[in-house]
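Novice:
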Amino acid sequence: MHELSIAHSLAELAIEEAGSLGMRRVRALYVKLGMLAGVVKEALHFSFDVVIQGTPLEGAELIIEDVPVVVYCSRCQEERTLPEPLPMRCPVCGTRTAEVLHGREMELYALEGEEGDTDDAPDRRDQAERSQEERPFG
Amino acid sequence: MMPRIVEIRQNVLKKNDLLARELRERFREAGVFVVNLVSSPGTGKTTLLREMLLRLGERYRVAALVGDLATENDAQRLRESGAQVRQITTGTVCHLEAEMIGRALEGWNLEELDFLFIENVGNLVCPASYDLGENQRAVLFSVTEGEDKPLKYPTIVNSADVAIVTKIDLAEPVGFQRDRFYEALHEARPGLPVFEVSVRTGEGMSAWLAHVEAGRQALRERVAWT
Ligand SMILES: Nc1nc2c(ncn2[C@@H]2O[C@H](COP(=O)(O)OP(=O)(O)OP(=O)(O)O)[C@@H](O)[C@H]2O)c(=O)[nH]1
Ligand SMILES: [Mg+2]
Ligand SMILES: [Zn+2]
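Here it is, written out as structure tokens:
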């Protein structure tokens, strides 16, 4: 069960990030979990609750958002969201595709908590990343 | 003070990924080609690896790292090939991580190696999430495991660069349905190259070894070019 290892990494990352944000009490962790990440959500929840005991995260809630598998179909020349992680076929035309655009991620997306007074750097970074993201696909 | 939500957007396994990237860079600089073998317990990783070390060892400098929960047995079996072998005993951890690879390599001069093979812990789930800095991830299935196994483990199949079907000498006795297996594999990962091998009879070994050698050659050409 590697969810325990993953919960450790998640807690470590969240503590680090909360520290550099000057966030005082973390209330919730928002995690994006791809359907192809190979992680069992319930096991991660369970492991997380165990791992955070006695850490600055104690009492924090883990909020997991499932990310469906999105592939690129070369026939349709479109991004397609798969209803299930399998089969790896375009749901519209049935063409097989190995080009996975989303669905493998395991990402700490956001932290919710009470912020310290100063640090506004994270907001600037957010903007920079967001504008990068808005570039059209391809 | 009002609670706020702040975007973080960091990969949960960032640490492992960074270490894996460093390893990959070290391997590239040293010119060593690295293959990570992943499968269920008992699929035949050690048996295949021993044969690979023996055969490739005639012409190349080869070494292996072996992950196992508890014993040193697999490392002992591999050392019979004459190659340098180190065991990584993971205890309760069901997969290898980049950090374990880094530690296991301490004191080894990678410049003196052409190939490094890593036998992962026998497990088709957990190793999928951990990049070890390898050049190729090979997922192994034996003919005795059932044809639809790839569908049960889509994550590992999807993250693999090549698939190997082991114990092909047993295909007939166990009634292995080749078409069904390929169908299942390619539903999980279209286009994944497959090699069928038997260490018992030697069937398919030279094609698989040629693939590994070609991988190393391609890597070296890329390095020379950059
Ligand atoms: N018939 C046949 N048996 C094989 C072949 N390769 C491996 N085996 C047998 O399969 C069994 C398991 O092989 P191992 O190489 O130990 O498997 P493994 O994947 O390393 O197992 P773990 O390290 O425990 O995960 C042994 O009894 C091998 O003799 C083969 O090509 N043909
Ligand atoms: Mg073994
Ligand atoms: Zn399509």
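In the order they appear, the protein sequences are chains A and B.
Numbering that gives the first Met the number 0 puts the first residue of the first sequence at 0, with every later residue one more than the last.
Numbering that gives the first Met the number 0 puts the first residue of the second sequence at 0, with every later residue one more than the last.
C-beta: ideal position from N, C-alpha, C; glycine also.
Only a predicted model underlies this, so the values are computations on that prediction, with no experimental measurement involved.
For ligand 3, I want to know if P39 (chain A) counts as a neighbour, meaning its beta carbon is within less than 7 Å of at least one of the ligand's heavy atoms.
Specialist: Here the sequence assigns Val to residue 39 (chain A), which means Pro is not the residue at that position. No - ligand 3 has no heavy atom lying nearer than 7 Å to the Cβ of V39 (chain A).
Novice: Classify M87 (chain A): buried if its beta carbon has 16 or more other beta carbons within 10 angstroms, exposed otherwise.
Specialist: Buried.
Novice: What's the C-alpha gap between D119 (chain A) and G21 (chain A)?
Specialist: Low confidence applies here, because D119 (chain A) scores a pLDDT of 47, under 50, leaving its location unreliable; read the following figure in that light. Their backbone Cα atoms lie some 10 Å apart in a straight line.
Novice: In chain A, which residues lie less than 8 Å from P172 (chain B) when you measure between Cβ atoms?
Specialist: Per Cβ cutoff of 8 Å: no residues; P172 (chain B) is ~30 Å from chain A at best.
Novice: How would you call G1 (chain B), buried or exposed, if buried means at least 16 neighbouring beta carbons within 10 angstroms?
Specialist: The sequence given here has Met at residue 1 (chain B), not Gly. Burial call: exposed.
Novice: So which of B:L48, B:V198 and B:V124 has the shortest CA-CA distance to L115 (chain B)?
Specialist: Among B:L48, B:V198 and B:V124, the Cα nearest to that of L115 (chain B) belongs to B:L48.
Novice: When you compare the region 72–90 of chain B with the region 129–143 of chain B, are there three or more beta-carbon pairs, one atom per stretch, that lie closer than 8 Å?
Specialist: Not touching, per the Cβ criterion.
Novice: Beta strand (DSSP E) containing N119 (chain B): first to last residue?
Specialist: It is not in any beta strand (DSSP E) - N119 (chain B) carries neither H nor E in the DSSP assignment.
Novice: Mind pulling the chain B residues with CB within less than 9 Å of A109 (chain A)?
Specialist: Within chain B, the residues near A109 (chain A) are I4, V5, E6, I7 and R8.
Novice: Give the DSSP-derived three-state secondary structure of T46 (chain B) in the structure shown.
Specialist: Reduced to three states, the DSSP call for T46 (chain B) is helix.
Novice: Which of the three DSSP states is assigned to M87 (chain A) in this structure?
Specialist: M87 (chain A) falls in the coil class under three-state DSSP.
Novice: According to the Cβ coordinates, are G81 (chain B) and V198 (chain B) closer than 8 Å?
Specialist: No, they are not a contact pair.
Novice: Determine, using beta carbons only, whether I14 (chain A) comes closer than 8 Å to chain B.
Specialist: No, because no Cβ of chain B sits closer than 8 Å to the Cβ of I14 (chain A).
Novice: Quick check: the region 119–128 of chain B against the region 151–158 of chain B, are there 3 or more CB pairs under 8 Å?
Specialist: At 8 Å Cβ cutoff, the stretches touch.
Novice: Would you list the residues sitting across from L32 (chain A) in a DSSP beta bridge?
Specialist: L32 (chain A) pairs with A:D65 and A:M105.
Novice: Is it a yes or a no for the region 167–186 of chain B touching the region 68–78 of chain B, going by three-plus beta-carbon pairs under 8 Å?
Specialist: No, the region 167–186 of chain B does not touch the region 68–78 of chain B.
Novice: Can you find the residues in the same chain that come closer than 7 Å, C-beta to C-beta, to L18 (chain B), ignoring five residues on each side of it along the sequence?
Specialist: Once the five neighbours on either side are set aside, the close Cβ partners of L18 (chain B) are A97, E98 and G101.
Novice: Quick check on DSSP: helix, strand or coil for F136 (chain A)?
Specialist: Below a pLDDT of 50, predicted positions are generally treated as unreliable, and F136 (chain A), at 35, falls in that range; the measurement from the model is reported next regardless. Of the three classes helix, strand and coil, the one that applies to F136 (chain A) here is coil, per DSSP.
Novice: Does the beta-carbon of S130 (chain A) have 16 or more other beta-carbons within 10 angstroms, so that it is buried, or is it exposed?
Specialist: Since pLDDT at S130 (chain A) reaches only 43, below the 50 mark, its modelled position is unreliable, and the value read off the structure follows with that caveat. Its Cβ having fewer than 16 others within 10 Å, S130 (chain A) is exposed.
Novice: Can you name the residues that DSSP bridges to F32 (chain B)?
Specialist: The partner list for F32 (chain B) (beta bridge, DSSP) reads B:F114.
Novice: Which term fits E111 (chain A), buried or exposed, when burial requires 16 or more other beta carbons within 10 angstroms of its beta carbon?
Specialist: The residue is buried, with at least 16 neighbouring Cβ atoms inside 10 Å.
Novice: Kindly indicate if chain B contains any beta-carbon less than 8 Å away from that of R26 (chain A).
Specialist: Chain B, which has a Cβ nearer than 8 Å to the Cβ of R26 (chain A), makes this yes.
Novice: Using Cβ-Cβ distances below 9 Å, what residues of the region 161–188 of chain B are close to chain E?
Specialist: In the structure shown, chain E does not exist; the protein chains are A and B.
Novice: Where DSSP assigns a beta bridge to V65 (chain B), which residues make up the other side?
Specialist: According to DSSP, which records beta bridges pairwise, V65 (chain B) is partnered with B:Q86 and B:E118.
Novice: Once DSSP output is grouped into helix, strand and coil, what is the label at I51 (chain A)?
Specialist: Coil at I51 (chain A), not helix or strand.
Novice: Can you tell me whether Y71 (chain A) is helix, strand or coil according to DSSP?
Specialist: The answer is strand: DSSP assigns Y71 (chain A) an E or B state.
Novice: Can you give me, in chain order, the residues of the region 48–75 of chain A that have a beta carbon less than 7 Å from any beta carbon in chain B?
Specialist: Taking 7 Å as the Cβ-Cβ cut-off against chain B, none of the residues of the region 48–75 of chain A qualify.
Novice: Please confirm whether any heavy atom of ligand 4 lies closer than 7 Å to the CB of G145 (chain B).
Specialist: The ligand content of the structure shown is limited to ligand 1, ligand 2 and ligand 3, which means ligand 4 is not among them.
Novice: Taking only three categories from DSSP, how would you classify E57 (chain B)?
Specialist: Coil, per DSSP.
Novice: Can you give me the C-alpha to C-alpha distance between T46 (chain B) and D67 (chain B), rounded to a whole angstrom?
Specialist: Spanning the two alpha carbons is a distance of roughly 15 Å.
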